[in-house]
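Chains as they are written, first to last, in this note's numbering: chain A, 1 to 378; chain B, 379 to 958; chain C, 959 to 1141.
All residues carry an ideal CB built from backbone N, CA and C; glycine is no exception.
This one's a predicted model, so the numbers in the text were calculated from it and none came from an experiment.
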Amino acid sequence: MALAIVLVLIVVGAVAFHLWSPWWFTPLASNWGQIDMMLVVTIALTGVVFVAINLLIAYEIVRFRRRKKQTASYVHENSKLEWTLIVLTSIGVVALLAPGLFVYSEFVSPPPNAIVLEAVGQQWQWSFRLPGADGRLGRTNVRHIGTHNWFGIDPNDPYGQDDILVEDSEIHLPLGVPVKVLLRSKDVLHDFYVPQFRVKMDIVPGSVSSLWFTPTRTGTFDLVCAEYCGLGHYAMNGKVVVESPEAYQAWLSTNKDFAHELAEGASTPNAEKTPDDILIETGEHLAQAKGCLGCHTTDGRSSVGPTWKGLFGKQETLGDGTQVTVDGAYIKESIVDPTAKVVKGFPPAMPAFSQLTDEELKALVRYIQTLSDSPKDK
Amino acid sequence: MAQAASIGGEQHGPQGFWTKYVFSQDHKIIAMQYSSTAILVGVLGMVMSWVIRLQLGFPGQFDFISPSTYYQTITLHGMIMVVYLLTALLLGGFGNYFIPLMIGARDMAFPYLNMLSYWFYFLSVIVLLASFFVPGGPTGAGWTLYPPQSITAGTPGSGMGILVMLTSLVIFIVATTMGGLNYITTVLQLRAKGMTLMRMPLTVWGVFVASIIALLAFPALFVGGVMLLLDRVVGSSFFMPAVVSLGQQLDYKGGSPLLFQHLFWYFGHPEVYIVALPAFGLASDIISCHARKPIFGYRMMVWAIVAIGGISFTVWAHHMFVSGMNPYFGFFFASTTLVIAIPTAIKVYNWVLTLWGGSIRLVTPMLFAIGFVSTFLVGGLTGLFLGNVVVDIPLTDTYFVIAHFHLVMGVSAIMAIFAGIYQWFPKITGRMLSEGLGRLHFWVTFIGVYALFFPMHYLGFLGVPRRYFAYEGVNFIPPSAAGLNVFISVAALVTGAAQLVLLFNLAWSVFKGKKAEDNPWQATTLEWQTPHTPPRHGNWGAELPVVNRWAYDYSVPGAPQDYLPQNYETPAEQPQRAST
Amino acid sequence: MNVSAGWGAFRLSASKLGLWLFMAVVTILFSALISAYVVRMGLPDWRALPEPGVLWFNTALLVLSSVALQWSRGQSALHELRGVWVGALLGLLFVLGQFWAWAQLYALGYFVTSNPSSSFFYLITALHGLHLVGGLGAWVWVGVRAKSGSSKDRFLANVALCTTYWHFLLLVWLVLFALMLLT
């Protein structure tokens, strides 16, 4: 008896929760409204079945409860009923599958006029590449990845020279233009997912996967990684900014292309660049190349590891309560033996970078120093 | 070493302590060994779930939960629950205990192999637990162990932990193979006279087909595991493409991470049916018994079990819809997945139809069996979302999936197991479990799991990704979700605590429980008809039972009582026997 | 061992059924391996491997081994062990020959990690070899049992089982060898 009541309450509670809870799809920002429609249809169908069967069980528990003189009925087969149920279930299944596959066939067919965007995932940040004026992305290979070639573009491929590079985790897109996102990984599996766009796709190192969508409203949307990729998986967040085509063009021109990045690397020391400038630059490039920026931000945002902004010279408390001043020696130690003195509140999660040369360590320390409030020492 | 075969008179089993209790070849002892090991390791898995929920409900409050610890915990929680608890308990525990008894045999076909299979399982558990003590700790790659991350720096345990895990799995696979050979051979060859396949109880059918699936699916995990081991240990490139890991160029090249996923899920999907099919069988027998009514549509139920078993090998890539595999595969696997919904739905209808017109007594096993149907319904229905490829795309890798698989495996299968424990405890121990404590256990668990998992689907609709240590820096999740996470965590902890009631009940009732009659539930199946309770070595005394009827003769019109055991002879049947 | 007079679905002994089930498992194992091989073969970095010549010799050894065992199975004389010993010895030589093949490949410069084809070669031959070694273990056990006086019926039944398994492993080897030759 109590069970029947509880089953009814569960049904009522579930329906009420569905209708009145604040947790629902994020507001759609892409063309994939058909996915939302499929979701709603599926909820409706399964919801009806859920309610019906639970209420039926509740009814049966009461109506057919054990009583003094009652015996149960021995009837245990009813071919007609069974086949009817099979047919009805099959119809229900087809009713879900057919429209679902229809929408899916659109998912696998990006429109021919879609602009191309490459999203590159690595532990634990995003970067992006656009084809530039020639409309083609240059060939890539992880073997080319280096300090002045973040994306691993083949320097000998002419199509790659004008590729536009976006090295922070924020990408802009023009409103209303379909975009086909090519997905590439440098290291492990990742997944490109913007909840408001609905679509997602894993990024597999060694191959290129893709998805497509058309942004239908302006705004700034979270890009999250949706395939577990290691310790910093939860911190691998980016931003997708959808804006008017004019604003997009303006943003586009603020990004450098591959030819420039190559030139930076190959440039002979400029008379205006002091050795210290070069040291800082080297440190900055190392921070990117070695993956430091996967866990350490430079703008004060919290992440897996302490932010480098304002770090140099700071007083930090370690896990055991002792105080330490963050100086060059401490930073070097934390790079080659990260678990030696961990700042309180942070996990002992940093891998050891024991193969860095003294020069490289010096560069990193110097770069980190420049991120503190105190003016650069000259 | 050989057991005395029965020719006449009592069974003379082994006499020494070691051969009687430790290296026993008696299926009942082995079943108890499997069950107690599985339950112990399951409790560990449950404690791990508390750690996970503490972090998700109260992020930043617990210093000892670092991202590293968190990811190691979710990995071991998943692996322990799916493999070392559910598979071992349902096949090694329930399968071992009930197959010989339900089919009228004295023991399994290969008792020595049976004994070995337990000790291999035990060894696999020890090796798994050893991963806590190796440098770097256990693997934190997620229970799916996907390369490249499972073997590259940046994932906890990618040094030693993953090796220990893979070794443990290989040993477990050997154990399960030995077990599977036993269960299948026994069901096919050792049934008592009159026990045709279509007279077997559905519990046996469930374990039987699950064992067949196990034998055909685990080798794929074995192959994937060995190849992953080689990639990690010798640096081969079965699965590893050229990568730059945390700034270091690694030596691998040309391998395919998707190849691992195909091998893993070719095993992984049948695995969930290895867990579900025995649960279906248990539920069917218990519902029938306590509704005093034959299971509705027995033939269809058998065919559904077989069909589900077969089709389960054609659906695996529904776990890979967004994996980056050839997108056209999505059409095929969505279709097969939704097709498998049909025999599954039939089973649900038949459980419900069994209740119709019955004489239902809501004892604790029946409460859990009905709880099984209700929670399996929710879990199964959400499978329809995830199987339909385009609907899966926004939901995969979110909390919707976590809610789905916990409901079908972690909740409904466990409910069926609880139903089984309450149902058969009297036969196994000769004592009754406390009905009061059983009800308490049921109510908190049943309401608790709904509170826990139903709202979780909505976090999935919102798009909240899974396997996240914390949700900082994302704006699409409203602050209210934090409150929901607190609610879910509290529900989880309370529901978890309620399981201790069962553990206490078990321990107490073994010694102090009310003495049980031979057949306290008046059930028809053979295991209730043994001459002794608990059954002794050899199970049946001098003579094996002879079966005259199917397993569901409850409330037969005109019968002297409301159940007819499978080996019962009506007066009309007796003269026949006298003449042979 | 005879646990009970059961009602079998098939007219075979429990041991025979158990063996066929085990062979089904091993078939799936090698099928999964072959599928992985075929998939990996499709990726751009696949290079065909030179076959060490000794593999042909090994294959012949394994065929002869099967023949010897089949011959011993046909014997009706009590405890006719000669065929068993010959077969087992040839099997052992096969395993040693496989190691020789590894050495040949190593000398040619192909290690486990050299390329996917070589990785698979070592893996495939190792897994097959392990199953064969298991089979050899079974032969030893049968021989020991026979010496310590098991019944003739029991001996013949065991020999039949081992021989079946042996032929099965030969079949598996022929398939694997053909696969590696053709790709």
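Bridge-paired residues (DSSP) for residue i
i, result
"B:Val622", "B:Gln627"
"A:Phe221", "A:Val240"
"A:Ser381", "Since the first residue shown for chain A is 1 and the last is 378, residue 381 of chain A is missing from the structure and cannot be characterised."
"A:His190", "A:Ile203"
"A:His172", "A:Val241"
"B:Tyr932", "B:Tyr941"
"B:Ser666", "None; B:Ser666 has no bridge partner."
"A:Asn149", "A:Gly146"
"A:Glu360", "Partner(s): none; A:Glu360 has no beta bridge."
"A:Gln315", "A:Thr325"
"B:Lys893", "B:Arg809"
Sequence-distant residues of its chain with Cβ nearer than 8 Å to residue i (five each side left out)
i, result
"A:Ile61", "Met1, Leu3, Ala4, Leu7"
"C:Ala1059", "Pro1010, Val1012, Leu1013, Asn1016, Thr1083"
Range covered by the beta strand (DSSP E) that runs through residue i
i, result
"C:Ser1109", "Where C:Ser1109 is concerned, there is no enclosing beta strand (DSSP E), given that its DSSP letter is neither H nor E."
"A:Thr325", "323 to 325"
"A:Lys180", "179 to 185"
"A:Gln213", "A small fix is needed here, since residue 213 of chain A is Phe in this sequence, not Gln. Start and end: 209 to 213."
Residue i - DSSP class collapsed to helix/strand/coil
i, result
"A:Met201", "strand"
"C:Gly1095", "helix"
"B:Leu922", "coil"
"A:Ile164", "strand"
"A:Ile91", "helix"
"B:Glu388", "Below a pLDDT of 50, predicted positions are generally treated as unreliable, and B:Glu388, at 39, falls in that range; the measurement from the model is reported next regardless. Correct three-state label for B:Glu388: coil."
"B:Leu506", "helix"
"B:Phe442", "coil"
"B:Pro843", "strand"
"B:Arg970", "This structure gives no information on residue 970 of chain B, because the portion of chain B shown stretches from 379 to 958."
"A:Ser30", "strand"
"B:Ile458", "helix"
"A:Arg65", "strand"
"B:Thr447", "helix"
Under 7 Å from the C-beta of residue i: neighbouring residues of chain B
i, result
"A:Asp277", "What A:Asp277 touches in chain B: nothing, since even the nearest Cβ is about 23 Å away."
"C:Gly976", "Ala487, Phe488, Leu559, Thr563"
Contacting residues, own chain, Cβ-Cβ under 7 Å from residue i (five flanking each side not counted)
i, result
"C:Gln1028", "Thr1121"
"A:Asp134", "Tyr159, Asp162"
"B:Phe839", "Phe778"
"C:Leu1094", "Ala1046, Gly1049, Leu1050"
Contacts of residue i in chain D (Cβ-Cβ under 8 Å)
i, result
"A:Trp23", "Here chain D cannot be found, since the structure's protein chains are A, B and C."
The alpha helix (DSSP H) enclosing residue i, as first and last residue numbers
i, result
"B:Gln433", "405 to 435"
"B:Ser713", "707 to 733"
"B:Ser598", "Ser is not the amino acid found at residue 598 of chain B; the sequence shown has Ala there. Unbroken alpha helix (DSSP H) run through B:Ala598: 580 to 611."
6 Å CB neighbourhood of residue i in its chain, flanking five on each side removed
i, result
"B:Thr517", "Thr453, Gly535, Gly539, Ile540, Met543"
"A:Asn255", "Ile164, Val166"
"B:Gly435", "Asn863, Val864, Ser867"
Under 9 Å by beta carbon: chain A residues contacting residue i
i, result
"B:Ala747", "In chain order: nothing, as chain A lies at least about 11 Å away."
"B:Asn926", "By Cβ distance, chain A contributes nothing, its closest Cβ being about 17 Å from B:Asn926, past 9 Å."
Cross-chain neighbours of residue i in chain A, by beta carbon under 7 Å
i, result
"B:Ser623", "Asp187"
"B:Arg670", "Ala72"
Residues that residue i contacts on chain A, provided the C-beta gap is smaller than 8 Å
i, result
"B:Ile377", "Outside the shown range of chain B, which is 379 to 958, sits residue 377 of chain B, and nothing can be said about it."
"B:Asp485", "In chain order: nothing, as chain A lies at least about 32 Å away."
"B:Ile689", "Correct list: empty, because the minimum Cβ distance to chain A is about 13 Å."
Under 7 Å by beta carbon: chain C residues contacting residue i
i, result
"B:Phe824", "Ordered by position in chain C, no residue passes the 7 Å Cβ test against B:Phe824, which lies about 39 Å from the chain."
"B:Val693", "What B:Val693 touches in chain C: nothing, since even the nearest Cβ is about 17 Å away."
"B:Ser528", "Residues of chain C passing the Cβ test: none, with the nearest at roughly 17 Å."
Listed by chain order, chain C residues near residue i by CB distance under 8 Å
i, result
"B:Thr774", "By Cβ distance, chain C contributes nothing, its closest Cβ being about 23 Å from B:Thr774, past 8 Å."
Where residue i meets chain B, residues with beta-carbon distance less than 8 Å
i, result
"C:Leu934", "Because chain C in this structure spans residues 959 to 1141, residue 934 of chain C falls outside the shown range and cannot be described."
"A:Leu392", "Nothing about residue 392 of chain A can be reported from this structure: the residues present for chain A run from 1 to 378 only."
"A:Pro351", "Ala531, Gly532, Leu624"
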